[in-house]
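**Q** Residue numbers (the UniProt record's numbering), protein chains in the order written: chain A, 1 to 281; chain B, 1 to 281.
1. Using a Cβ-Cβ distance under 7 Å, would residue 51 of chain B count as near chain A?
2. Any residues in the stretch 170–201 of chain B with a beta carbon nearer than 7 Å to a beta carbon of chain A? Which ones, in chain order?
3. Could you check the C-alpha separation between residue 207 of chain B and residue 172 of chain A for me, to the nearest Å?
4. Excluding the 5 residues flanking residue 35 of chain A on each side, which residues of the same chain have their C-beta closer than 7 Å to its C-beta?
5. According to the neighbour-count rule (16 or more other Cβ atoms, all chains shown, within 10 Å of its Cβ), is residue 267 of chain A buried or exposed?
6. Just how far apart, CA to CA, sit residue 29 of chain B and residue 265 of chain B?
7. Compile a chain-ordered list of the residues in the stretch 219–244 of chain B whose CB is closer than 7 Å to at least one CB of chain A.
8. Is the CB of residue 26 of chain B under 7 Å away from at least one CB in chain A?
9. So, is residue 227 of chain B buried or exposed, given that buried needs 16 or more other C-beta atoms within 10 angstroms?
10. Which bits of chain A does residue 137 of chain B rub up against, with CB to CB less than 7 Å?
11. Got a sec, what are the start and stop residues for the beta strand (DSSP E) residue 46 of chain B sits in?
12. Could you give the DSSP three-state label for residue 155 of chain A: helix, strand or coil?
13. Between which two residues does the beta strand (DSSP E) carrying residue 221 of chain A extend?
14. Should residue 111 of chain B be labelled buried (16 or more other beta-carbon atoms within 10 Å of its own) or exposed?
15. Residues in the stretch 68–100 of chain A with C-beta within 8 Å of chain B's C-beta atoms, listed in sequence order?
16. Would you call the CB atoms of residue 90 of chain A and residue 56 of chain A closer than 7 Å?
17. Per DSSP, residue 100 of chain A forms a beta bridge with which residues?
18. When we look at the beta-carbon of residue 14 of chain B and count the other beta-carbons within 10 Å, is it buried (16 or more) or exposed?
19. Could you please give me the residues that DSSP links to residue 16 of chain A through a beta bridge?
20. So which residues on chain A does residue 126 of chain B lean against when the C-beta distance must stay under 8 Å?
21. Check the DSSP bridge columns for residue 164 of chain B and list the partner residues they point to.
22. Rounded to whole angstroms, what is the Cα-Cα separation between residue 271 of chain A and residue 54 of chain B?
23. Taking the straight line between their C-alpha atoms, what separation do you get for residue 159 of chain B and residue 118 of chain B?
24. Alpha carbons only, please: which of B:178, B:259, B:280 is nearest the one belonging to residue 212 of chain B?
25. Tell me the residue span of the beta strand (DSSP E) that contains residue 258 of chain B.
26. Under a three-way DSSP split, which group does residue 21 of chain A fall into?
27. Measuring only between beta-carbons, confirm whether residue 113 of chain A sits less than 7 Å from chain B.
28. For residue 231 of chain B, count the other beta carbons within 10 Å of its own beta carbon; 16 or more makes it buried, fewer makes it exposed. Which is it?
29. Going by beta carbon distance, what residues of the same chain come within less than 6 Å of residue 148 of chain A, once the five residues before and after it are set aside?
30. Going by DSSP, which residues form a beta bridge with residue 212 of chain A?
31. Using DSSP with H/G/I as helix, E/B as strand and the rest coil, what is residue 184 of chain B?
32. To the nearest angstrom, how far is the alpha carbon of residue 126 of chain A from that of residue 58 of chain A?
33. Among the candidates B:198, B:277, B:166, B:234, whose CA atom is the shortest distance from the CA of residue 261 of chain B?
34. For the candidate residues B:142, B:180, B:116, B:155, whose alpha-carbon lies nearest to that of residue 132 of chain B?
35. Go through its chain and collect everything with a Cβ distance to residue 135 of chain B's Cβ below 8 Å, but skip five positions before and after it.
Following this line, the structure appears as structure tokens:
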């Protein structure tokens, strides 16, 4: 009767239906909605995103969908970032807890800025500032071309060079910095011969102040490498330990800031790197 | 005196200082804050993100920074996603318009779920669900390996294959789907010889139902290609027009859904693709 111990009321735990509704991509609704939901770790949620709700007719269809789910007995939670008045009023009629992420805050900003909100659908994830968008796309291209030390040309263009032994998280972090923040990020893999020589690897020497190191724990690194090449020397705890120790020594010797990636996400690494390298994004 | 026409009050327009404050990465504060700010296109903003505010002492230092800026004459706007009560109370004392993105909504969810919020710093962008995080990282790796038709092995593992002529936006869209949504996305470049043959390109034939096409306008495509190879046949309006027309014909003939990428962002493309391909993320 473990179920009853965990759930003393005796009611079968059910996933709460959650809807993220948007007149645009739904990214903002998902982001704040999920942040709020992490405050309730005891509950489980069944999430659906409905983007591009741009007419009252579409909103009415969404209300029907949500109401049909509510009729099954569990009141859904709705997070909405819809801006337009008519569509918002329609969605507000849902049989659900409707959390209006825009309407709640907009009056406060209208007061602060002394201006009325435009009322147009969110453009935060559209092309918006075309120059900024283009620079993000160029940064992705740059990151692809400079992944894993593939091309050492144009390192002078990099705003940051991530340095680490293989499988410490360089590539996804580089990609995240480029795609989300438009940062020109290159990365450079440290290999055994880099540790045998004195000093920084030759291609990095002119750019020491742009370098940021990643490290990990031997256990975590060995686990990840084993997923790639089981029972290899490459994945052995001994090899991982040697490479990480040598890399950390290199970072310390050359004043390169670094971060242990073993228990943080790419988002956390990117935020830390932007802050510590004082990169404006 | 154009300045005075645009700004009848005669006051020099100044950028409004905006702070995104967080006990975690700051991503959620930036995302909703920026969405709200796009409602005020007449104003300009000078944005600063301060992540990882996890103690009252740090919060006090932030308050001093914001107050010093306020003392220069323009009241800043502060968007906060800090969860912890003490830190929130400290930040609320800023000389600024403080928009509390968590506190405002949490009571509504506490009511709906019949439970108290945990009060722990946001984990939405941390490792959180380790399996889900790992699958996103694996998806990034997969996307890197299958970019631009590099490796046609393992296409059966793809949840989606983006198909398009060169420079229509396949790579950043693939990367976004992988990094944000953990979707296994491959991409396949259409080249001239693909248009000269009947049917789908050979490697795609078994996977037609996973294909999603991108197209563009000849003008936009030519402009992007010119940035890569000026005055080339590859970048000519005539060549771009031919490739796009042929690609669209291929999509239509084989019932491949497609999207014109010329005036939408990768975020919008990803949201549209997830919706139309009914990919659960």
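Even glycine gets a Cβ: it sits at the ideal position worked out from N, Cα and C.
**A** So, from the listed chains and residues:
1. Translated into the one-based positions of the second chain, residue 51 of chain B becomes position 51. Between residue 51 of chain B and chain A, the shortest Cβ-Cβ separation is below 7 Å.
2. Cβ contacts with chain A come from 171, 172, 175, 176, 179.
3. As a first step, residue 207 of chain B must be located in the second chain, where it is residue number 207. As a first step, residue 172 of chain A must be located in the first chain, where it is residue number 172. For the pair residue 207 of chain B and residue 172 of chain A, the Cα-to-Cα distance works out to about 27 Å.
4. For the purposes of this step, residue 35 of chain A is taken as residue 35 along the first chain, with counting starting at 1. Same-chain partners within the cutoff: there are none.
5. Residue 267 of chain A sits at position 267 when you count from the first residue of the first chain. Buried: at least 16 other Cβ atoms inside 10 Å.
6. Here residue 29 of chain B refers to the residue found at position 29 of the second chain. Here residue 265 of chain B refers to the residue found at position 265 of the second chain. Between the C-alpha atoms of residue 29 of chain B and residue 265 of chain B there is a straight-line separation of about 21 Å.
7. Under the 7 Å Cβ criterion, the stretch 219–244 of chain B contributes no residue.
8. Residue 26 of chain B sits at position 26 when you count from the first residue of the second chain. Yes, residue 26 of chain B lies at the interface with chain A (some Cβ there is under 7 Å from its Cβ).
9. Taking the first residue of the second chain as 1, we reach residue 227 of chain B at position 227. The residue in question, residue 227 of chain B, is exposed, as its Cβ has fewer than 16 Cβ neighbours within 10 Å.
10. As a working note, residue 137 of chain B is residue 137 in the second chain. The contacting residues are 172.
11. Taking the second chain and counting its residues from 1, one reaches residue 46 of chain B at position 46. Element bounds for residue 46 of chain B: 45–50.
12. Counted from its first residue, the first chain places residue 155 of chain A at position 155. Residue 155 of chain A falls in the helix class under three-state DSSP.
13. Indexing the first chain from 1 puts residue 221 of chain A at position 221. From DSSP, residue 221 of chain A is part of no beta strand (DSSP E) but of the alpha helix (DSSP H) over 218–228.
14. Mapped onto the second chain, residue 111 of chain B falls at position 111. Under this definition residue 111 of chain B is an exposed residue.
15. Of all residues in the stretch 68–100 of chain A, only 75, 77, 81, 83, 97, 99 come within less than 8 Å of chain B when Cβ atoms are compared, listed by chain position.
16. The sequence position of residue 90 of chain A within the first chain is 90, counting from 1. The sequence position of residue 56 of chain A within the first chain is 56, counting from 1. Going by beta carbons, residue 90 of chain A and residue 56 of chain A fall inside the 7 Å limit.
17. On the first chain, residue 100 of chain A is found 100 positions in, with the first residue counted as 1. According to the DSSP secondary-structure assignment, residue 100 of chain A is paired through a beta bridge with A:80.
18. In the second chain, counting from the first residue as 1, residue 14 of chain B sits at position 14. So residue 14 of chain B counts as exposed.
19. In the first chain, residue 16 of chain A corresponds to position 16, counting from 1. Beta bridge pairing from DSSP links residue 16 of chain A with A:45.
20. Numbered from 1 along the second chain, position 126 holds the residue referred to as residue 126 of chain B. The contacting residues are 264, 265, 267, 268.
21. Position 164 of the second chain holds residue 164 of chain B. For residue 164 of chain B, which the question treats as bridged, DSSP gives the partners B:189.
22. Here residue 271 of chain A refers to the residue found at position 271 when the first chain is read from its first residue. Here residue 54 of chain B refers to the residue found at position 54 when the second chain is read from its first residue. About 14 Å.
23. Stepping through the second chain from its first residue, residue 159 of chain B is reached at position 159. Stepping through the second chain from its first residue, residue 118 of chain B is reached at position 118. Looking at the two C-alpha atoms, the distance is approximately 36 Å.
24. Translated into positions along the second chain, residue 212 of chain B becomes position 212. Considering only alpha carbons, the answer is B:259.
25. Position 258 of the second chain, counted from the start, is the residue given in the question as residue 258 of chain B. Counting along the chain, the beta strand (DSSP E) containing residue 258 of chain B begins and ends at 258–260.
26. Residue 21 of chain A sits at position 21 when you count from the first residue of the first chain. In the three-state reduction of the DSSP assignment, residue 21 of chain A falls in the strand class.
27. Within the first chain, numbered from 1, the residue matching residue 113 of chain A stands at position 113. Chain B, which has a Cβ nearer than 7 Å to the Cβ of residue 113 of chain A, makes this yes.
28. By one-based count along the second chain, residue 231 of chain B stands at place 231. With fewer than 16 Cβ atoms within 10 Å of its Cβ, residue 231 of chain B is classed as exposed.
29. For this step, residue 148 of chain A is matched to residue 148 along the first chain. Here the set comprises 189.
30. Translated into positions along the first chain, residue 212 of chain A becomes position 212. Beta-bridge pairing links residue 212 of chain A to A:162.
31. What you label residue 184 of chain B is simply residue 184 of the second chain in a count that begins at 1. Here residue 184 of chain B sits in coil by DSSP.
32. Indexing the first chain from 1 puts residue 126 of chain A at position 126. Indexing the first chain from 1 puts residue 58 of chain A at position 58. Each residue's Cα considered, the two are about 20 Å apart.
33. Translated into positions along the second chain, residue 261 of chain B becomes position 261. Just measuring C-alpha positions, the residue of B:198, B:277, B:166, B:234 sitting nearest residue 261 of chain B is B:166.
34. Taking the first residue of the second chain as 1, we reach residue 132 of chain B at position 132. The option with the nearest alpha carbon to residue 132 of chain B is B:180.
35. Numbered from its first residue, the second chain carries residue 135 of chain B at position 135. Counting only Cβ-Cβ distances below 8 Å, and skipping sequence neighbours, we find 182.
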